[in-house]
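Working notes for the structure below.
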Amino acid sequence: MTKREFLDQLYRELADLPAEERQAAMEYYEECFDDVGPAGEQGLIDQLGSPKKVASIIKANLPKEPTRQNTQQGQYTPPRNAANGQVVQQSAQQTGGQGQSGAEYIPPPQSKKQKRKRILLAFLATVLVLMLIQGGVKLVFDYQVHEVFMPTRSEDYTSMLQSALQSGRVERIQLEAKQGEVEISQGDNVSMLYEGKALRPVNIKLENGALVIKMGRSNSNQLELVLPREISNLNLEMDVGNLTLEQLDVEHLYASMDMGSLKMRDVNCGRLDTEVDMGNLEMSNVNAAELQMEVAMGDIEAQAEVSRSVYIDVDMGDATLVMSEPENYGWNVENDFGSVSLYGMGINGMTAPQQGGVYFDISCDMGSVEVIAPR
């Protein structure tokens, strides 16, 4: 059975669920297949079992409530199926022995948080069984995905990280974190420490030269990574939380945050790219040849030395870059409703050709951008 056949059959098995519940379940299992990649699909299918069995577990863990009757005795309005708007009938015995047919109960609308909680509870039984049977899963493939590691005990994470690093050539580290607190540094003692209660805590896989580390969604997540010094390329993405980077020396570093804070200190980098959708970006003692900072809504507080180019893009917020004034520099500034100051010189929609040294490319929609020399 292929991934597509499994998901199509599961969709049919869940046809009697409300549309939103069924959609949430399908999205969850599609994400599970994405985690293991094409080479891991068959192994995941073998672990989950038949789509019919998975569907029965989901349905068994979704609580049922009695049908809400009309206030007039003996009368009721049959609710409609959320998927097609048609009335769904049950036997009189299922509806309290009434002489006429009853109606299937359709749960009332719920918040996204409630729906997510119910779905996670439904899948918990499946995940716990797999963990108890295997105590950690290791799958070896000959295709693009060479190894997948799913440790189940906190003391296993460091050894599994080390094994993954030694299993093949690692050209870059890629982090995909949903939620929590993450701290990353480089050192001689490679380690990975995790604490939290995520349903799927941490996955590690080596794929096409990239060591991919994924962390699930839980506000209790805490992850500390000490990476080897020879790693020179980092790609770090986080949805919600705090990401702290320190004592890094790499060729290229990309770090993005959807909502939260991104902090850096003691970082040396050839090219440094940072993006924050909603939150704050902080830097101290950062050295880079090329520096790019983008914030959609929030503030930037940065202290850095840059030798080639600086790009600052602020949609709504304030940005301050403390940097030694170069002997020669040029700039391009786009300013809509904010203010831009470059070493004490107010600039509004101006371009100055580069005369060697550093080039500043600054865009400010609403707020302020200030580049000042250290005091």
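Numbering (the numbering used here), first residue to last: 16 to 390.
We put the beta carbon where it would ideally sit given N, CA and C, even for glycine.
Only a predicted model underlies this, so the values are computations on that prediction, with no experimental measurement involved.
Output the boundary residues of the alpha helix (DSSP H) element that contains residue 55. In the sequence shown, residue 55 corresponds to position 40, counting from 1. Unbroken run through residue 55: none, as it is neither H nor E.
At the level of alpha carbons, what is the spacing between residue 100 and residue 66? Numbered from 1 along the sequence shown, position 85 holds the residue referred to as residue 100. Numbered from 1 along the sequence shown, position 51 holds the residue referred to as residue 66. Note that residue 100 scores a pLDDT of 39, beneath 50, so its modelled location is shaky and nothing firm can be said.
Select from 191, 257, 246 and 176 the residue whose C-alpha is nearest the C-alpha of residue 293. As a working mapping, residue 293 is identified with position 278 in the sequence shown. Answer by Cα proximity: 257.
What are the boundary residues of the alpha helix (DSSP H) that includes residue 71? The residue you call residue 71 lines up with position 56 of the sequence shown. If you look at residue 71, you'll find it in the alpha helix (DSSP H) that goes 66-75.
Candidates 40, 279, 48 and 260: which alpha carbon is nearest residue 72's? Along the sequence shown, one-based indexing puts residue 72 at 57. Closest option to residue 72, Cα to Cα, is 40.
From what residue to what residue does the beta strand (DSSP E) around residue 303 run? Taking the sequence shown and counting its residues from 1, the one referred to as residue 303 is at position 288. Segment 248-337, the beta strand (DSSP E) holding residue 303.
Closer than 6 Å by C-beta to residue 364: which residues in its own chain qualify, once you throw out the five before and the five after it? Chain order, please. Numbered from 1 along the sequence shown, position 349 holds the residue referred to as residue 364. Answer for residue 364: 350, listed in chain order.
Note down the Cα distance separating residue 242 from residue 283, rounded to an integer number of angstroms. Position 227 of the sequence shown, counted from the start, is the residue given in the question as residue 242. Position 268 of the sequence shown, counted from the start, is the residue given in the question as residue 283. Approximately 15 Å between the Cα atoms of the pair.
Pull the bridge partners of residue 361 from the DSSP assignment, please. Numbered from 1 along the sequence shown, position 346 holds the residue referred to as residue 361. In the DSSP output, where bridge partners are listed per residue, residue 361 has 356.
Give the secondary structure of residue 25 by DSSP, where H, G and I count as helix, E and B as strand, and everything else as coil. Stepping through the sequence shown from its first residue, residue 25 is reached at position 10. Residue 25 falls in the helix class under three-state DSSP.
Endpoints, alpha helix (DSSP H) assigned at residue 233: By one-based count along the sequence shown, residue 233 stands at place 218. Looking at the DSSP string, residue 233 is not in any alpha helix (DSSP H), and its letter there is neither H nor E.
Burial state of residue 309 (16 or more Cβ within 10 Å): Sequence index remark: in the sequence shown, residue 309 carries index 294 (1-based). By the neighbour-count rule (16 or more Cβ atoms within 10 Å), residue 309 is buried.
Along the chain, where does the beta strand (DSSP E) that runs through residue 190 open and close? Against the sequence shown, residue 190 aligns to sequence position 175. Note, residue 190: beta strand (DSSP E), 187-201.
Put residue 351 into one of helix, strand or coil per three-state DSSP. Looking up residue 351 in the sequence shown gives position 336. Three-state result, residue 351: coil.
Pairwise C-alpha distance: residue 272 and residue 285: As a working mapping, residue 285 is identified with position 270 in the sequence shown. As a working mapping, residue 272 is identified with position 257 in the sequence shown. Each residue's CA atom was taken as its position, placing residue 285 and residue 272 some 21 Å apart.
Between the alpha carbons of residue 388 and residue 19, how many angstroms are there, rounded? Taking the first residue of the sequence shown as 1, we reach residue 388 at position 373. Taking the first residue of the sequence shown as 1, we reach residue 19 at position 4. If I take the Cα positions, the gap works out to 58 Å.
Give every residue of the same chain whose Cβ lies closer than 6 Å to the Cβ of residue 173, excluding the five residues on either side of it in the sequence, and list them in chain order. Indexing the sequence shown from 1 puts residue 173 at position 158. Closer than 6 Å at Cβ, skipping near neighbours: 206 and 207.
What does a CB cutoff of less than 6 Å around residue 269 pick up in its chain, not counting 5 residues either side in sequence? Counting from one through the sequence shown, the residue named residue 269 turns up at place 254. Here the set comprises 250 and 288.
Which whole-angstrom value is the C-beta distance of residue 298 and residue 279, which I expect to be below 8 Å? For the purposes of this step, residue 298 is taken as residue 283 along the sequence shown, with counting starting at 1. For the purposes of this step, residue 279 is taken as residue 264 along the sequence shown, with counting starting at 1. That pair is a contact at about 5 Å.
Can you look up residue 16 in the DSSP assignment and give me helix, strand or coil? Stepping through the sequence shown from its first residue, residue 16 is reached at position 1. Coil.
Go through its chain and collect everything with a Cβ distance to residue 382's Cβ below 6 Å, but skip five positions before and after it. Translated into the one-based positions of the sequence shown, residue 382 becomes position 367. Around residue 382: 329, 331, 332, 333 and 353.
Which class does residue 30 belong to by DSSP, given the choice of helix, strand or coil? The residue labelled residue 30 in the question sits at position 15 within the sequence shown. Residue 30 sits in coil when the DSSP states are folded into three classes, being neither helix nor strand.
Terminal residues of the beta strand (DSSP E) in which residue 206 lies: As a first step, residue 206 must be located in the sequence shown, where it is residue number 191. It spans 206-210 - the beta strand (DSSP E) in which residue 206 sits, taken as one unbroken run.
To the nearest angstrom, report how far apart residue 90 and residue 38 are at their CA atoms. Mapped onto the sequence shown, residue 90 falls at position 75. Mapped onto the sequence shown, residue 38 falls at position 23. Caution applies to residue 90, whose pLDDT of 40 falls short of 50 and renders its modelled position unreliable; the value that the coordinates give is listed next. Cα-Cα distance, rounded: 33 Å.
Determine the burial state of residue 220: buried for a count of at least 16 other Cβ atoms within 10 Å of its Cβ, exposed for fewer. In the sequence shown, counting from the first residue as 1, residue 220 sits at position 205. Buried is the call here.
Nearest-angstrom Cα separation, counted from residue 195 out to residue 238: Here residue 238 refers to the residue found at position 223 of the sequence shown. Here residue 195 refers to the residue found at position 180 of the sequence shown. Taking the straight line joining both Cα atoms gives about 8 Å.
Taking a contact to mean a Cβ-Cβ separation below 8 Å, would you say residue 247 touches residue 266 in this structure? As a first step, residue 247 must be located in the sequence shown, where it is residue number 232. As a first step, residue 266 must be located in the sequence shown, where it is residue number 251. Yes.
Check this for me: beta carbons of residue 337 and residue 317, under 8 Å apart or not? If you number the sequence shown from 1, residue 337 lands on position 322. If you number the sequence shown from 1, residue 317 lands on position 302. Yes, the pair counts as a contact, with Cβ atoms nearer than the cut-off.
Counted within 10 angstroms of its Cβ, other Cβ atoms place residue 201 as buried (16 or more) or exposed: In the sequence shown, the residue the question calls residue 201 occupies position 186. So residue 201 ends up on the buried side.
Where the beta strand (DSSP E) through residue 182 begins and ends: On the sequence shown, residue 182 is found 167 positions in, with the first residue counted as 1. Residue 182 -> no beta strand (DSSP E), and no H or E assigned at all.
Work out the CA separation of residue 358 and residue 45 for me, nearest whole Å. For the purposes of this step, residue 45 is identified with residue 30 of the sequence shown, where counting begins at 1. For the purposes of this step, residue 358 is identified with residue 343 of the sequence shown, where counting begins at 1. Here the alpha carbons of residue 358 and residue 45 stand approximately 51 Å from one another.
Cβ neighbour criterion (16 or more within 10 Å) applied to residue 230: What you label residue 230 is simply residue 215 of the sequence shown in a count that begins at 1. Buried, because 16 or more other Cβ atoms sit within 10 Å of the Cβ of residue 230.
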